[in-house]
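S.K.: Sharing a structure here in structure tokens format.
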Amino acid sequence: MIHQMVQSIDLKKLKVEKFEEKYAKDILNIYFESYRKIYRCRYSEDVIKIEKSIYGESYSYLNEENLLNSIKKGLNILVCLYNNKIIAFVSFWFWDKKTVYIDEFHVKKDYRGLGIGSWFLRKLEEILRSKGVRKIILDSYIKSVEFFHKQGYRPTGKRFGEYVRLKKLIDFTT
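Under my numbering, the first residue of the sequence shown is numbered 2, with each subsequent residue one higher.
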């Protein structure tokens with residue numbers, strides 16, 4: 002498959018929407034696209050085998066059924082749409098009323114480097130701040146740490162293999 006990289010987009014045309022079941026397949030496609038690169042795999046089936054060995058059969062991102070079950074258990078997902086197509090998604094859990102853990106944050110390969118990730122992360126922070134969240138935590142793949150650092154996320158000192166735990170305080174009013 003030949004990828005046609007998008008040269009530029011109008012950020013004003015981006016929209017953020019809450020998860021709907023119709024988005025599940027596109028979310029999983031973006032997820033597998035990212036993890037094929039991380040795990041250096043050619044096929045999504047290889048990613049599934051690796052993820053099962055690490056996280057078990059019920060891991061959220063193995064298939065649509067698991068993803069929907071995780072949402073029922075409290076996983077939140079927002080999608081970023083451009084021309085009514087999903088080009089990015091973020092999934093997160095509320096650890097408590099003031100702390101959110103970002104489980105996954107991905108921009109579709111052809112749309113990277115255009116400011117979409119920064120824009121989407123700012124929108125997520127605005128939404129979470131309006132809900133009273135003060136702190137966001139995530140575990141970033143080592144090659145993505147620089148992106149999150151530019152957005153104000155800082156290391157907590159914890160590492161998990163090729164992942165670094167980062168955090169950001171987003172509400173200083175209290």
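A virtual CB, placed ideally from N, CA and C, is assigned to each residue, including glycine.
Take every Cβ of the region 44 to 59, pair it with every Cβ of the region 118 to 138, and state whether three or more of those distances are shorter than 8 Å.
M.R.: no
S.K.: Where does Glu-46 land, buried or exposed, given buried means 16+ other C-beta within 10 angstroms?
M.R.: The residue you call residue 46 lines up with position 45 of the sequence shown. So Glu-46 counts as exposed.
S.K.: From what residue to what residue does the alpha helix (DSSP H) around Val-146 run?
M.R.: Along the sequence shown, one-based indexing puts residue 146 at 145. Unbroken alpha helix (DSSP H) run through Val-146: 146 to 151.
S.K.: What is the rounded straight-line gap between the Cα of Ile-49 and the Cα of Asn-30?
M.R.: Sequence index remark: in the sequence shown, residue 49 carries index 48 (1-based). Sequence index remark: in the sequence shown, residue 30 carries index 29 (1-based). Distance between the alpha carbons of Ile-49 and Asn-30: 12 Å.
S.K.: Under a three-way DSSP split, which group does Lys-53 fall into?
M.R.: Indexing the sequence shown from 1 puts residue 53 at position 52. Per DSSP, reduced to three states, the secondary structure at Lys-53 is helical.
S.K.: Please determine, among Lys-38, Ile-51, Glu-105, the residue with the shortest C-alpha to C-alpha distance to Ser-71.
M.R.: Your numbering for residue 71 matches position 70 in the sequence shown. It is Glu-105 whose Cα lies nearest to the Cα of Ser-71.
S.K.: According to DSSP, which residues form a beta bridge with Asn-77?
M.R.: Along the sequence shown, read from residue 1 onward, the residue named residue 77 stands at position 76. According to DSSP, which records beta bridges pairwise, Asn-77 is partnered with Phe-93.
S.K.: Tell me which same chain residues have a C-beta within less than 8 Å of the C-beta of Tyr-40, skipping the five on either side of it?
M.R.: The sequence position of residue 40 within the sequence shown is 39, counting from 1. Only Asp-47, Val-48, Ile-51 meet the Cβ criterion.
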